[in-house]
Amino acid sequence: MMSAVPQTDMPEESPLLVAIGDIHGRADLLAKLLRRLEKKLRDEPYRLVFLGDYVDRGAESREVLNMLLGLQDRYPDTVFLRGNHEQAMLDFLAAPEDTAEWLEWGGAETLMSYGIKARAAEDLVSLQEEFANVLPDSHFNFLMSLPLYEEIGPYLFVHAGIDPHRPIEEQSERDFLWIREPFLQAEEHHFSGPVIVHGHTPVKKAENLPWRINLDTGAFWSSRLTAAILDGEKRRFVTT
238 MMSAVPQTDM PEESPLLVAI GDIHGRADLL AKLLRRLEKK LRDEPYRLVF
288 LGDYVDRGAE SREVLNMLLG LQDRYPDTVF LRGNHEQAML DFLAAPEDTA
338 EWLEWGGAET LMSYGIKARA AEDLVSLQEE FANVLPDSHF NFLMSLPLYE
388 EIGPYLFVHA GIDPHRPIEE QSERDFLWIR EPFLQAEEHH FSGPVIVHGH
438 TPVKKAENLP WRINLDTGAF WSSRLTAAIL DGEKRRFVTT
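Counted from 1, the sequence shown has number 238 at position 1 by the working numbering; the numbering is strictly sequential.
This is the structure we're talking about:
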């Protein structure tokens, strides 16, 4: 399906990096975007980086995870980051009575993709048990394995962003998964490290700033799933 070539190292002459924004259960858009990337890049080698939020809201969360697992098998150098929605799903599996809000954030649609209808709040434990019984081990293990960030060359890939006032080793998990302010209000002089490539905060069109790139174009409601093709400092964008 794709022409990506697995790479274990990213030297100066490395292949292109292709970062993909929040998918949110839109397997149809993911398939379309991958086809467009294959056509656009033809035989150029590239490495995929997914920024998280694969599940919730859309109707095909299970299908999205199956597609990502297929990519992982074929291209083991692909980077899959954790988003706040993957974390919310795992939190529900661990403590449903404390994390019922996940169902309102799009978790009900995720359950439907696994053939489960969300029930009243008083039945959360049995709902969690049913979900745990049908969730494939491969999906659970994949979600548990997702890192919070990845730095490759001049770019730092993360789901939500970082606190610009703290070094990377002092960031909290909540920063990586949830931060909006003060990250989004920070200006270029607050950043002295790599360019931050992120999603999490929906925008109509990818934000292409010198110090950060936002690739969350609201795929669930806009039908626009966006990728950034990063060739050193050069940036191109592809969307559905």
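Yeah, the Cβ is synthetic: ideal placement off N, Cα and C, and Gly gets one too.
Pair within 8 angstroms by beta-carbon distance, residue i and residue j
{"i": "P333", "j": "L372", "result": "no"}
{"i": "H437", "j": "P401", "result": "no"}
{"i": "G258", "j": "T477", "result": "no"}
{"i": "L421", "j": "L266", "result": "no"}
{"i": "Y291", "j": "V301", "result": "yes"}
{"i": "V434", "j": "L414", "result": "no"}
Where residue i sits in the DSSP three-state scheme
{"i": "V475", "result": "strand"}
{"i": "T454", "result": "coil"}
{"i": "F377", "result": "helix"}
{"i": "E388", "result": "strand"}
{"i": "T347", "result": "helix"}
{"i": "H435", "result": "strand"}
{"i": "F428", "result": "coil"}
{"i": "L393", "result": "strand"}
Residue i versus residue j: straight-line alpha-carbon distance, rounded
{"i": "I450", "j": "R272", "result": "23 angstroms"}
{"i": "A345", "j": "K354", "result": "7 angstroms"}
{"i": "P447", "j": "R356", "result": "46 angstroms"}
{"i": "E367", "j": "K277", "result": "43 angstroms"}
{"i": "I466", "j": "L254", "result": "6 angstroms"}
{"i": "Q309", "j": "L327", "result": "20 angstroms"}
{"i": "F474", "j": "I389", "result": "18 angstroms"}
{"i": "D246", "j": "S363", "result": "Low confidence applies to D246: its pLDDT is 43, below 50, so where it sits in the model is not reliable enough to give any reading."}
Anticipated Cβ contact below 8 angstroms, residue i with residue j, distance rounded
{"i": "R263", "j": "G289", "result": "Rounded, the Cβ-Cβ distance is 14 angstroms, inconsistent with contact."}
Beta-ladder partner(s) of residue i, from DSSP
{"i": "N370", "result": "Bridge partners of N370: none, in fact."}
{"i": "Y283", "result": "L253"}
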